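Residue numbers (our numbering), protein chains in the order written: chain A, 1067 to 1134; chain B, 610 to 883.
First up is the structure itself, then whatever we jot down about it.
Written out as structure tokens, the structure reads:
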């Protein structure tokens, strides 16, 4: 199926789960990443069980604390 | 208050812009912006806002200028090493533009002082380097109904968003709570390319200028991210202000400011001033 990740279209297997996507995308600090799917934030507790669908648009939002 | 001939000359490149004009320049001259942190982000913000003629600029930082700062904190120079950052910053801004009144605050912001500090200002810039401060600034601005620009930089990446009361999500709507201390690296641990402060800090200055002059759209409801290595600016749409947010929501559960525990690195850096 086709999904969009950080603005880029990608072909992924049907039924890909969000944890699998996080690993595939080599998301940094995965325990602290904020995820939105179709502009809705996913609660941290729900990330484990979220399954992606055709056309989903996923964004990863990171803590960035530097300014020093 | 009419502009002097010198001001008309100085700000001519603003005045020519139909969106700014003399009217917009006067708004800048009458505005007050508080910049919390005179480092990688605060340095370029302060310089661009001083150059733009923001009439009152407050600058907050407890630290002294360190040699390792000079790779990116362009408001300070080699001769300033050892000097209080706010003093160094004030000197640079005043030399750049005598129209600007600079208020210096050589201190750390915390739950006991920040609300009073921001009250007098029209717009706040988060130029801090740690999550406890970023959440503190967010919560204080929500409580005092002050617009502010949040930003962060690390390695070759940076991001920013703008909070305007009543218009969009706050930082806590997106990021909930600070990560555990030491969970996310600091610039000291991971490094940061010097110009990243300039890229993101200049965007923060732009947000302040747009807000003050009423021109264009502020970065409300969006997180703008920049990845320098991949030449990628990416704007992430954020959900609207979360009615359930503990600080800006309809039934706030955070009604007092919180002093989260500092990372060891930040403590080590700031500890020498305590």
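Where is the CB? At the ideal position from N, CA and C, for every residue including glycine.
Values in this document were obtained by computation on a predicted structure and should not be read as measured data.
Chain C within 8 Å of residue i, Cβ atoms only
i, result
"residue 822 of chain B", "Note that chain C does not occur in the displayed structure, where the protein chains are A and B."
Cutoff 8 Å: residue i Cβ touching any chain A Cβ
i, result
"residue 768 of chain B", "yes"
"residue 788 of chain B", "yes"
"residue 685 of chain B", "no"
"residue 828 of chain B", "no"
"residue 674 of chain B", "no"
"residue 650 of chain B", "yes"
"residue 760 of chain B", "yes"
"residue 763 of chain B", "yes"
"residue 724 of chain B", "no"
Contacts around residue i, its chain only, beta-carbon distance under 6 Å, and the 5 residues preceding and following it disregarded
i, result
"residue 697 of chain B", "674, 685 and 689"
"residue 633 of chain B", "822"
"residue 824 of chain B", "628"
"residue 1080 of chain A", "1067"
"residue 771 of chain B", "758, 816, 827, 828 and 829"
"residue 651 of chain B", "644 and 736"
"residue 1129 of chain A", "1098"
Residue i - containing beta strand (DSSP E), residue span
i, result
"residue 760 of chain B", "757-763"
"residue 772 of chain B", "766-772"
"residue 632 of chain B", "Run containing residue 632 of chain B: none in the beta strand (DSSP E); it sits in the alpha helix (DSSP H), 630-639."
"residue 1123 of chain A", "1123-1127"
"residue 1086 of chain A", "Here residue 1086 of chain A belongs to no beta strand (DSSP E); instead the alpha helix (DSSP H) covers 1084-1090."
"residue 1101 of chain A", "1100-1103"
"residue 1071 of chain A", "1068-1071"
"residue 1076 of chain A", "1074-1077"
Bounding residues of the alpha helix (DSSP H) (the contiguous stretch that carries residue i)
i, result
"residue 810 of chain B", "803-822"
"residue 667 of chain B", "From DSSP, residue 667 of chain B is part of no alpha helix (DSSP H) but of the beta strand (DSSP E) over 665-669."
"residue 651 of chain B", "651-661"
"residue 745 of chain B", "740-753"
"residue 780 of chain B", "780-784"
"residue 623 of chain B", "621-624"
"residue 593 of chain B", "The requested residue 593 of chain B is not part of the displayed model; chain B covers only 610 to 883."
Short CB-CB distance (under 8 Å) between residue i and chain B
i, result
"residue 1127 of chain A", "yes"
"residue 1100 of chain A", "yes"
"residue 1105 of chain A", "yes"
"residue 1121 of chain A", "no"
"residue 1095 of chain A", "yes"
"residue 1067 of chain A", "no"
Nonlocal neighbours in the same chain, by C-beta distance under 8 Å from residue i, ignoring five residues either side
i, result
"residue 1077 of chain A", "1067 and 1068"
"residue 847 of chain B", "770, 777, 778, 782, 783, 830, 831 and 832"
Cβ shell of residue i (< 7 Å), same chain only, five flanking positions each side left out
i, result
"residue 666 of chain B", "642, 644, 655, 658, 659, 702, 709 and 711"
"residue 691 of chain B", "673 and 674"
"residue 749 of chain B", "723, 724, 727 and 866"
"residue 854 of chain B", "779, 781 and 782"
"residue 763 of chain B", "794, 796, 799 and 801"
"residue 754 of chain B", "774"
"residue 769 of chain B", "758, 759, 760, 809, 812, 813, 828 and 833"
Any non-hydrogen atom of the ligand ATP closer than 7 Å to residue i Cβ
i, result
"residue 618 of chain B", "For the ligand ATP, the structure offers nothing, since it holds no ligand at all."
Along the segment 1071-1087 of chain A, what residues have a CB closer than 7 Å to any CB found in chain B?
-> 1072 and 1073
Can you list, in chain order, the stretches of the beta strand (DSSP E) that have 3 or more residues and sit fully within the segment 829-875 of chain B?
-> 831-836 and 841-846
Enumerated in chain order, which unbroken segments of the alpha helix (DSSP H) with a length of 4 residues or greater are wholly contained in the segment 703-734 of chain B?
-> Segments of the alpha helix (DSSP H) lying fully in the segment 703-734 of chain B: 723-728.
Using a Cβ cut-off of 8 Å, which residues of the segment 733-744 of chain B contact any Cβ in chain A, in chain order?
-> 735, 736, 737, 738, 739, 740 and 743
Taking Cβ-Cβ distances below 9 Å as the criterion, which residues of the segment 771-797 of chain B are in contact with chain A?
-> 782, 783, 784, 785, 787, 788, 789, 792, 793, 794, 795, 796 and 797
Report the residues of the segment 833-863 of chain B with a CB closer than 7 Å to any CB of chain A, ordered along the chain.
-> 843, 845, 846 and 848
Taking a cut of 9 Å between CB atoms, which residues from the segment 798-812 of chain B lie near chain A?
-> 799, 801, 805, 806, 809 and 810
Taking only beta carbons into account, state which residues of the segment 634-658 of chain B come closer than 8 Å to chain A, listed in chain order.
-> 646, 648, 649, 650 and 651
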